[in-house]
Amino acid sequence: MTKEYSLGNIKLLSDIPEEKLNLLGQRCKWRRFEPEELILNLNDQSTDIYFIVRGEVQASVFSETGRRVIMSDLKSGDYFGEFSAIDGQPRSATIVALTRTLVAQMPDAVFIDILAKYPTASIAVMKSMVSVIRTLNERVVEFSTLGVPNRIHAELLRLAHAGRIVDGAGRISPPPTHAEIAARISTHREAVTRELKQLERKGVIERNRGSIVIKNLEELKRVAKKVGFPILIKAASGGGGKGMKVAEKPSELEEAWNLARSEAKSGLSLIHISEPTRLLSISDAVLCLKKK
174 MTKEYSLGNI KLLSDIPEEK LNLLGQRCKW RRFEPEELIL NLNDQSTDIY
224 FIVRGEVQAS VFSETGRRVI MSDLKSGDYF GEFSAIDGQP RSATIVALTR
274 TLVAQMPDAV FIDILAKYPT ASIAVMKSMV SVIRTLNERV VEFSTLGVPN
324 RIHAELLRLA HAGRIVDGAG RISPPPTHAE IAARISTHRE AVTRELKQLE
374 RKGVIERNRG SIVIKNLEEL KRVAKKVGFP ILIKAASGGG GKGMKVAEKP
424 SELEEAWNLA RSEAKSGLSL IHISEPTRLL SISDAVLCLK KK
């Protein structure tokens, strides 16, 4: 098997010996896709798993009215389709190539055999699924408690931390379109455009063709934390529901903070809540006000 058609850069399979990896590659169907070409459709009945050997893809879901919600972007070395490969259910998202992409399409039975024989691969898949659950919990918090401007701030912070951070400034490159940001946080493009212009006027961000530069991440966090009462105080990460306290008014804030701090395992965050009863199982909070 040539170097181009190799599973050697797939992180999930990194512990499999090269000889066996080459044999697995021979059991895959190798497919190329052009930018914006459909790879998988939501609710497809297929159950193969796909490994991205080269390129980038995007997972999204379209509503019955055609509205798009972006779930994630995946790059070379990543994989998708594992949900259906594991449970045999229809596809949970539409996958489209963002760039010229080469994927290795592996039968579900071969993938299940890998998970049975290589515990490190099984653990990696479990960790990936836990990460998905944490991200979904985070989105539940945002959609239930934050207004559109704050959701935009939170998304910018996520993108910045996924990119490069140097001397307190974050660079998002290549920058997503306003429509893409809107699709990530369930709003419309015009709201994103307005908020980005306002952040630019305040000197918080700087936009150019190749990137969005968050000139001061701490300032963006300060803007994002402008929340009102009641406030939910919880672990910034890894709390698993512990340390969650509600302060209904300013006079209750200190006591709630101290109680939450005594239970939480990490830093704390403040989040405005408009409907406390809608908050259910929460693992990770958005990047609002964080205190070590």
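The sequence shown begins at 174 in the numbering used here and counts up by one.
Ideal placement from N, C-alpha and C gives every residue a C-beta, glycine not left out.
Given the structure is predicted, the values throughout are model-derived calculations rather than measurements.
Cβ-Cβ separation, residue j to residue i (assumed contact under 8 Å), whole Å
{"i": "N182", "j": "V226", "result": "7 Å"}
{"i": "F253", "j": "V230", "result": "7 Å"}
{"i": "R324", "j": "I358", "result": "4 Å"}
{"i": "R200", "j": "P280", "result": "7 Å"}
{"i": "R273", "j": "P349", "result": "That pair is no contact at about 19 Å."}
{"i": "L120", "j": "H351", "result": "The question about residue 120 has no answer here: the residues shown for the chain are numbered 174 through 465."}
{"i": "V234", "j": "L215", "result": "6 Å"}
{"i": "R380", "j": "E373", "result": "6 Å"}
Contact with chain C by residue i, beta-carbon distance below 9 Å
{"i": "L247", "result": "Judged by its chain identifiers, the structure shown contains no chain C, having just a single protein chain."}
Option nearest residue i by Cα separation, candidates the options
{"i": "R382", "options": "P347, E353, K193, E368", "result": "P347"}
{"i": "E353", "options": "D221, S179, V314, A232", "result": "A232"}
{"i": "L213", "options": "L180, V303, S257, R362", "result": "S257"}
{"i": "I189", "options": "A333, L329, T293, R374", "result": "T293"}
{"i": "A277", "options": "R312, V234, Y223", "result": "Y223"}
{"i": "G198", "options": "K184, T274, A364, S179", "result": "S179"}
{"i": "K248", "options": "S236, E210, L271", "result": "L271"}
{"i": "R312", "options": "K388, R204, V242", "result": "V242"}
{"i": "S245", "options": "A335, T238, R367", "result": "A335"}
{"i": "D260", "options": "G239, L330, I285, R374", "result": "I285"}
{"i": "S219", "options": "E255, G343, E210, A327", "result": "E255"}
{"i": "L120", "options": "D251, R374, K202, I306", "result": "Absent from the structure is residue 120, since the part of the chain shown begins at 174 and ends at 465."}
{"i": "A266", "options": "R240, M302, D217, S304", "result": "D217"}
{"i": "E391", "options": "R362, E373, L330", "result": "L330"}
{"i": "A364", "options": "G343, H326, K375, A342", "result": "H326"}
{"i": "K202", "options": "L275, S301, K193, Y291", "result": "L275"}
{"i": "K193", "options": "R307, S301, Y291", "result": "Y291"}
Residue i classed as buried or exposed, judged by whether at least 16 other C-beta atoms fall within 10 angstroms
{"i": "A289", "result": "exposed"}
{"i": "I385", "result": "buried"}
{"i": "D221", "result": "buried"}
{"i": "E171", "result": "Because the chain in this structure spans residues 174 to 465, residue 171 falls outside the shown range and cannot be described."}
{"i": "L309", "result": "exposed"}
{"i": "F268", "result": "Checking the sequence, you will find Ile at residue 268 rather than Phe. Result: buried."}
{"i": "I296", "result": "exposed"}
{"i": "M299", "result": "exposed"}
{"i": "F206", "result": "buried"}
{"i": "I387", "result": "buried"}
{"i": "I378", "result": "buried"}
{"i": "V303", "result": "exposed"}
{"i": "G228", "result": "buried"}
{"i": "E315", "result": "buried"}
{"i": "E328", "result": "buried"}
{"i": "G376", "result": "exposed"}
{"i": "G343", "result": "buried"}
First and last residue of the uninterrupted beta strand (DSSP E) at residue i
{"i": "S257", "result": "Looking at the DSSP string, S257 is not in any beta strand (DSSP E); the run it does join, the alpha helix (DSSP H), is 255 to 260."}
{"i": "E229", "result": "229 to 235"}
{"i": "G343", "result": "342 to 345"}
{"i": "I385", "result": "385 to 387"}
{"i": "T274", "result": "274 to 279"}
{"i": "I354", "result": "No beta strand (DSSP E) holds I354; the alpha helix (DSSP H) holding it covers 351 to 358."}
{"i": "K202", "result": "202 to 206"}
{"i": "E177", "result": "Per DSSP, E177 belongs to no beta strand (DSSP E) and is neither H nor E."}
{"i": "I183", "result": "Taken as a continuous stretch (DSSP letters only), I183 belongs to no beta strand (DSSP E), as it is neither H nor E."}
{"i": "E379", "result": "378 to 380"}
Residue interval of the alpha helix (DSSP H) (run including residue i)
{"i": "V242", "result": "No alpha helix (DSSP H) holds V242; the beta strand (DSSP E) holding it covers 241 to 248."}
{"i": "A141", "result": "Residue 141 is absent from the model: the chain starts at 174 and stops at 465."}
{"i": "Q218", "result": "Note, Q218: premise wrong, no alpha helix (DSSP H); not H, not E."}
{"i": "E191", "result": "191 to 199"}
{"i": "R324", "result": "321 to 335"}
{"i": "E315", "result": "292 to 318"}
{"i": "E363", "result": "362 to 374"}
beta-carbon residue i near the ligand COA non-hydrogen atom, thresh 8 Å
{"i": "K202", "result": "Although the ligand COA was asked about, the structure shown includes no ligands whatsoever."}
* Is the region 349 to 367 touching the region 310 to 329, taking contact as three or more C-beta pairs under 8 Å? -> yes
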